[in-house]
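Structure record follows, encoded as structure tokens.
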Amino acid sequence: MRFAVFLLSRLLTYVIVVWIGMTAVFLVPRLMPTDPVSAMLGRVMSQGAFMEPAQVEAIRASLTASFGLEGTLWEQYLGFMRRVFITFDFGPSLAMFPTPVSQLIGRALPWSLGLLLASTLIAWVLGNTIGLLAGYHRLRAYSKFLEGFAVLVYPIPYYILALIMIILFGYVWGILPTNFSMSPMLKPWTLDYVWAAIYNSILPALSIVIVNFGWWFLSMKALSSTLAEEEYVDFAKLKGVGEGRIMSRYVAQNAILPQITMLALVLGGVFNGALITEILFSYPGVGSLIYSAVLQADYNLLMGTISLSILAVSTATFVVDLIYPFIDPRIRYR
Amino acid sequence: MSKTNTRLLLGAAILAVIFVLGVVMPLFAPEDPRIWNTQPRNLKPSVDHLLGTTNLGQDTFWLLAWSTRNSLIIGFLVAIAATVIGVLAGMTAGFVGGVVDRVLTLLMDVFIVVPSLPILILLASMLQGKASIYLISGILIIFNWPWPARQSRSMALSMREREFVNTAWFSGEQGWKIIIREIFPFITAWAFANLINTVLVAIGAESSLAVIGLSSLQESTLGTMIYWALQHQALLGRRWWWIGAPVVTIVVMFIGLFLFSTGLSERSAERRGR
Amino acid sequence: MYTLTNVKAYYDSPRGPIKAVDDVSLEIRPNEILGIAGESGCGKSTLIKVIYGHINPPLRLVSGEIRAEMKDNGQVSVLSAKDLPKVWWEFISYVPQASMSVLNPVMRIENQFFDAVSRFHRAGNREQIRQQVADYLQELDLPVEVLKAYPHQLSGGMRQRVLVALATFLHPQIILADEPTTALDVVVQRGILRMLTRVQQTMGNTLIIVSHDMGVHYQITHRMAIMYAGQLVEVGPTERIFSAAQHPYTEMLIKSLPRIGDHSAREGISGRPPSLLDPPPGCPFAPRCPHAMDICTQARPPLVQIEDDHLSACFLHEEAMAAAHAQKVGAQS
Numbered sequence: 000m001r002f003a004v005f006l007l008s009r010l011l012t013y014v015i016v017v018w019i020g021m022t023a024v025f026l027v028p029r030l031m032p033t034d035p036v037s038a039m040l041g042r043v044m045s046q047g048a049f050m051e052p053a054q055v056e057a058i059r060a061s062l063t064a065s066f067g068l069e070g071t072l073w074e075q076y077l078g079f080m081r082r083v084f085i086t087f088d089f090g091p092s093l094a095m096f097p098t099p100v101s102q103l104i105g106r107a108l109p110w111s112l113g114l115l116l117a118s119t120l121i122a123w124v125l126g127n128t129i130g131l132l133a134g135y136h137r138l139r140a141y142s143k144f145l146e147g148f149a150v151l152v153y154p155i156p157y158y159i160l161a162l163i164m165i166i167l168f169g170y171v172w173g174i175l176p177t178n179f180s181m182s183p184m185l186k187p188w189t190l191d192y193v194w195a196a197i198y199n200s201i202l203p204a205l206s207i208v209i210v211n212f213g214w215w216f217l218s219m220k221a222l223s224s225t226l227a228e229e230e231y232v233d234f235a236k237l238k239g240v241g242e243g244r245i246m247s248r249y250v251a252q253n254a255i256l257p258q259i260t261m262l263a264l265v266l267g268g269v270f271n272g273a274l275i276t277e278i279l280f281s282y283p284g285v286g287s288l289i290y291s292a293v294l295q296a297d298y299n300l301l302m303g304t305i306s307l308s309i310l311a312v313s314t315a316t317f318v319v320d321l322i323y324p325f326i327d328p329r330i331r332y333r
Numbered sequence: 000m001s002k003t004n005t006r007l008l009l010g011a012a013i014l015a016v017i018f019v020l021g022v023v024m025p026l027f028a029p030e031d032p033r034i035w036n037t038q039p040r041n042l043k044p045s046v047d048h049l050l051g052t053t054n055l056g057q058d059t060f061w062l063l064a065w066s067t068r069n070s071l072i073i074g075f076l077v078a079i080a081a082t083v084i085g086v087l088a089g090m091t092a093g094f095v096g097g098v099v100d101r102v103l104t105l106l107m108d109v110f111i112v113v114p115s116l117p118i119l120i121l122l123a124s125m126l127q128g129k130a131s132i133y134l135i136s137g138i139l140i141i142f143n144w145p146w147p148a149r150q151s152r153s154m155a156l157s158m159r160e161r162e163f164v165n166t167a168w169f170s171g172e173q174g175w176k177i178i179i180r181e182i183f184p185f186i187t188a189w190a191f192a193n194l195i196n197t198v199l200v201a202i203g204a205e206s207s208l209a210v211i212g213l214s215s216l217q218e219s220t221l222g223t224m225i226y227w228a229l230q231h232q233a234l235l236g237r238r239w240w241w242i243g244a245p246v247v248t249i250v251v252m253f254i255g256l257f258l259f260s261t262g263l264s265e266r267s268a269e270r271r272g273r
Numbered sequence: 000m001y002t003l004t005n006v007k008a009y010y011d012s013p014r015g016p017i018k019a020v021d022d023v024s025l026e027i028r029p030n031e032i033l034g035i036a037g038e039s040g041c042g043k044s045t046l047i048k049v050i051y052g053h054i055n056p057p058l059r060l061v062s063g064e065i066r067a068e069m070k071d072n073g074q075v076s077v078l079s080a081k082d083l084p085k086v087w088w089e090f091i092s093y094v095p096q097a098s099m100s101v102l103n104p105v106m107r108i109e110n111q112f113f114d115a116v117s118r119f120h121r122a123g124n125r126e127q128i129r130q131q132v133a134d135y136l137q138e139l140d141l142p143v144e145v146l147k148a149y150p151h152q153l154s155g156g157m158r159q160r161v162l163v164a165l166a167t168f169l170h171p172q173i174i175l176a177d178e179p180t181t182a183l184d185v186v187v188q189r190g191i192l193r194m195l196t197r198v199q200q201t202m203g204n205t206l207i208i209v210s211h212d213m214g215v216h217y218q219i220t221h222r223m224a225i226m227y228a229g230q231l232v233e234v235g236p237t238e239r240i241f242s243a244a245q246h247p248y249t250e251m252l253i254k255s256l257p258r259i260g261d262h263s264a265r266e267g268i269s270g271r272p273p274s275l276l277d278p279p280p281g282c283p284f285a286p287r288c289p290h291a292m293d294i295c296t297q298a299r300p301p302l303v304q305i306e307d308d309h310l311s312a313c314f315l316h317e318e319a320m321a322a323a324h325a326q327k328v329g330a331q332s
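Each protein sequence line maps, in turn, to chains A, B and C. Going by numbering that gives the first Met the number 0, the first residue of the first sequence is number 0, and it counts up by one from there. Going by numbering that gives the first Met the number 0, the first residue of the second sequence is number 0, and it counts up by one from there. Going by numbering that gives the first Met the number 0, the first residue of the third sequence is number 0, and it counts up by one from there.
Next up, the structure:
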């Protein structure tokens, strides 16, 4: 019963989050003082590409549709919502006409997911493990040294860290690629292909990992040094339980719960950071796609990628949030 | 001296240096550093040009001071407004309860979950670099009030149970008087720490936009300074002064803000513990 | 048999040593229930830690001897304070204060059992331990289902029973219980005390109960030690302590107990115990004692035998006066 209430309230929040996010995406172009269609068309034309009048008209029609300027406001709104949630059809890309937007996104999405998942997971696991040890041994020298490192690294924004990485690894030492570039000759999923993908992703992943590591380390250290003072930890020592088991079963298991809730809370921020990181490293993910959409005034692509981002982050947050009751016995449904 | 105080002092010292750079220095700028080609281009640091000059013929040091000033304006504008709105909303939710609480809590959850950067990018791209720093600040406020709101809501909930609030309530004092007299002093210490933290977040968000050229291009912030440096191949040309100055300033500023804000909140936690 | 001889255990603090256990000698006998009583902050919990052999910084054993005789398959081995952690739960075990947070909230009860007992080989493999624990719980009239439960699913009384079962599962020779019933209501409290005495009777081992509640001591202990400011001021059979207390502090503790049918206001104990950081030179109780004499602020009264098996430390006893005088003369010559 309690679980049903919990699930329902989370589901409701999720639906409202997505709805408000999408409504904002729908409204933003309409609140602009300039007519978006002419402005966009002007920008497309000024890119210098010669287009047949028929093509211009096609783009104008597509743009008008994209902006949802056909029919009444309400019809436009319903139409927009239908494309976001049901058809996921944002029309053809304007810059890469006539490739459909959904196809471009489909190509970029695995890259973004891979980068984001791998780096978030690595940072979360590393930060929590090392933070646990450092919190448990909070008086030892290594713990204080690591805290100093985390305090220096955590507040640095993603793009600054990415720039520092680019400067150091790419220009000063020149040992790692700062611009994602894979030869188109490589066939997918050969050993060389995988290696090139990893090799090119090292720096972007590393810069995301470092910033996130600082955050997870600091919060885990604070948590575990409080938990290490709990009565049940003292009592476990009196039971003669070994240090390793105390740390894993008594401290870590209690600290992991708030850390998972925290993951749900910061996911949006991590996504923002990854977006910028992708752009700075020209990583072929959704972030770079958004950027090229902005640069080339590809409105269809922009609407598609941004709707997708909001949908993806909200869903991921919702899913992480749902994990919680399954690992906390105190609120587990019985 | 305790660790807390070292953090607080170190943070304050760093911030003092940043304030001298961003608040005092711009008053002495010999020329408007935003204007291009007032100086010879790409000079190395010297007595005349402490940090050299840019590829666009600006004095890097004065440009840096000017950019720091604008970044600080955005940071504090957003932080003050977001903290005030957040604390008021959180207090209202916590004390009034009921439907008001549920609606406000839902709003907080929504704005925490929705990633701000895509929406900011959409908006900025519509404005095509004509967004003023005040408009950008306004949007950042929308995305930053929920954090202090969430925190002050839970503070309000716990305070509702406390003795001194009840006593005041039963002795017939008006609600707003209770809030001002009894609760505000309690919350200010924490709110100040949060404010400093929001300064950090806001400057970070604006410069994220700026680095990819989507912030105000008429004004100069630390982020746009990086943008122009990148646009003019400061990296390839190894003009470290140009790109390095804003990067180092942001790093130092953020470490200072972070140390100061955690130092503050640790100190107030310590005081409550006593 | 377990003896403490002139044990001093101090906490190191920046302002100097805190003398929580200051020159305590005590004999702990087989097959008895020994009560340790005193106000909070008198050092009784520290004494328990010392007896348990849980002496970690900042707590430090300054001087004195701890000697425990452990019987194992007919053989007797002699243990010192350092050896005790190796035989925790097997030779000596511990029942903590009833509290919500003694048990790990995210771990099933059975796993918290395994953690304590699996170190001992004779317990066998996991499945065997599970069966033995279940059998033992049944012996104690506890439902076997608690093993699968999480702490928050049990009542406060049930959690405390589980802790008692945990502490007695391996049949230790000594069981320490630190305020085992403090946070519980009276009915539950009585149940726990009955369980403790029953276990002690069946096993014939030693139960040491620490409590500030004289009522608890009256109900179940055989012998009592009264502690004040890190020192023992009176040790004797419980029934003698309650009928003929020797030390003025013990008298005050007993007077503060409510009695059935007596509605007159209770005499509380006035004043506060002295700081353990800088105790007064003489008898620590002198500042609060209604019978204080000059000598009480100058010399410390030794613990002397008043009658058979009954010791007290007060200058009101001639024996104490004589002993102090003899010590002084001895020191001068």
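Just so it is clear, CB atoms sit at the ideal spot from N, CA and C, and this is done for glycine as well.
query, result
"Note down, in chain order, all residues in the stretch 111-133 of chain C with a beta-carbon under 7 angstroms from any beta-carbon belonging to chain A.", "Asp-114, Ala-115 and Arg-118"
"If you compare alpha carbons, which of Ala-28/B, Leu-87/B, Gly-93/B and Ile-249/B is closest to Thr-220/B?", "Ile-249/B"
"Anyone know if the C-beta pair for Leu-263/B and Ala-192/B falls short of 8 angstroms?", "yes"
"Could you confirm whether any beta carbon from chain C is found closer than 8 angstroms to the beta carbon of Ala-140/A?", "no"
"Check whether the Cβ of Phe-84/A lies closer than 8 angstroms to any Cβ atom in chain B.", "no"
"On the DSSP bridge list, what partners appear for Lys-7/C?", "Asp-21/C and Ser-62/C"
"Whose C-beta lies closer than 7 angstroms to the C-beta of Trp-78/B among residues of the same chain, with five residues either side of it excluded?", "Correcting the residue identity first, residue 78/B is Ala in this sequence and not Trp. Contacts found: Leu-194, Thr-197, Val-198 and Ala-201."
"Here's the rule I'm using: 16 or more other beta-carbon atoms within 10 Å means buried, otherwise exposed. How should Ala-53/A be labelled?", "exposed"
"Excluding sequence positions up to five away, which residues of its chain have a Cβ less than 8 angstroms from the Cβ of Ile-73/B?", "Ile-132, Ile-135, Ser-136, Leu-139, Ala-201, Ile-202, Glu-205 and Thr-220"
"May I have the straight-line CA-CA distance separating Arg-333/A from Pro-104/C, to the nearest angstrom?", "In this prediction, Arg-333/A scores a pLDDT of 36, lower than 50, which makes its location untrustworthy; the coordinate-derived value is nonetheless stated afterwards. Distance between the alpha carbons of Arg-333/A and Pro-104/C is about 16 angstroms."
"Taking only three categories from DSSP, how would you classify Trp-194/A?", "helix"
"Any residues in the stretch 247-268 of chain A with a beta carbon nearer than 8 angstroms to a beta carbon of chain C? Which ones, in chain order?", "Arg-248, Tyr-249, Gln-252, Asn-253 and Leu-256"
"Could you name the residues of chain C that Gly-284/A contacts, counting a contact when the two beta carbons are closer than 8 angstroms?", "Here the premise fails: no neighbours, minimum Cβ distance about 37 angstroms."
"Is the beta carbon of Thr-314/A sitting closer than 8 angstroms to the one on Leu-288/A?", "no"
"Helix, strand or coil: how does DSSP classify Arg-207/A here?", "Going by the sequence as given, residue 207/A is Ile instead of Arg. Residue state, collapsed to three classes: helix."
"Excluding five sequence neighbours on each side, which residues of the same chain lie with their C-beta closer than 8 angstroms to the C-beta of Ile-19/A?", "none"
"Is it right to say Ala-319/C is buried, meaning 16 or more other beta carbons lie within 10 angstroms of its own, or is it exposed?", "buried"
"Taking only three categories from DSSP, how would you classify Met-0/B?", "The predicted position of Met-0/B is uncertain, since its pLDDT is 42 and thus under 50; a value taken from the coordinates is nonetheless stated next. The answer is coil: DSSP assigns Met-0/B none of H, G, I, E or B."
"Under a CB-based cut-off of 8 angstroms, is Arg-137/A close to chain C?", "no"
"Mind listing which residues of the stretch 93-108 of chain C have their C-beta closer than 9 angstroms to chain A's C-betas, in chain order?", "Tyr-93, Pro-95, Gln-96, Ser-98, Met-99, Ser-100, Val-101, Leu-102, Asn-103, Pro-104, Val-105, Met-106 and Arg-107"
"For Pro-245/B, which residues in the same chain have their Cβ closer than 6 angstroms to its Cβ, ignoring the five residues on either side in sequence?", "Leu-221, Met-224 and Ile-225"
"For a contact meaning CB atoms closer than 8 angstroms, what does Tyr-76/A contact in chain B?", "Here the premise fails: no neighbours, minimum Cβ distance about 17 angstroms."
"Please compile the residues from chain C whose C-beta is within a distance smaller than 7 angstroms of the C-beta of Pro-328/A.", "Val-105 and Tyr-149"
"Are the stretch 25-45 of chain C and the stretch 218-226 of chain C touching by the rule of at least three beta carbon pairs closer than 8 angstroms?", "yes"
"State buried or exposed for Trp-123/A, treating a residue as buried only when at least 16 other CB atoms are found within 10 Å of its CB.", "buried"
"Pick from Gln-188/C, Ser-98/C, Val-198/C and Ile-207/C: whose alpha carbon is nearest that of Gly-214/C?", "Gln-188/C"
"Around the Cβ of Gln-199/C, are there at least 16 other Cβ atoms within 10 angstroms (buried) or fewer (exposed)?", "buried"
"Give a yes or no on whether 8 angstroms exceeds the smallest Cβ distance from Pro-187/A to chain B.", "no"
"In angstroms with no decimal places, state the Cα-to-Cα distance between Phe-5/A and Ile-54/C.", "46 angstroms"
"Which term fits His-216/C, buried or exposed, when burial requires 16 or more other beta carbons within 10 angstroms of its beta carbon?", "buried"
"Taking contact to mean 3 or more Cβ pairs, one atom from each stretch, closer than 8 angstroms, check whether the stretch 82-99 of chain C and the stretch 153-162 of chain C are in contact.", "yes"
"Taking 8 angstroms as the threshold (C-beta atoms), are Pro-171/C and Glu-68/C in contact?", "no"
"Look at the alpha carbon of Ile-255/A and the alpha carbon of Leu-258/B, and state the distance between them as a whole number of angstroms.", "25 angstroms"
"Among residues of its own chain, excluding the 5 on either side of Leu-175/C, which ones have a beta-carbon nearer than 6 angstroms to its beta-carbon?", "Ile-47, Tyr-51, Tyr-93 and Ile-207"
"Mapping the DSSP letters down to three states, classify Ile-32/C as helix, strand or coil.", "strand"
"What does the alpha-carbon distance come out to for the pair Thr-189/A and Asn-178/A?", "21 angstroms"
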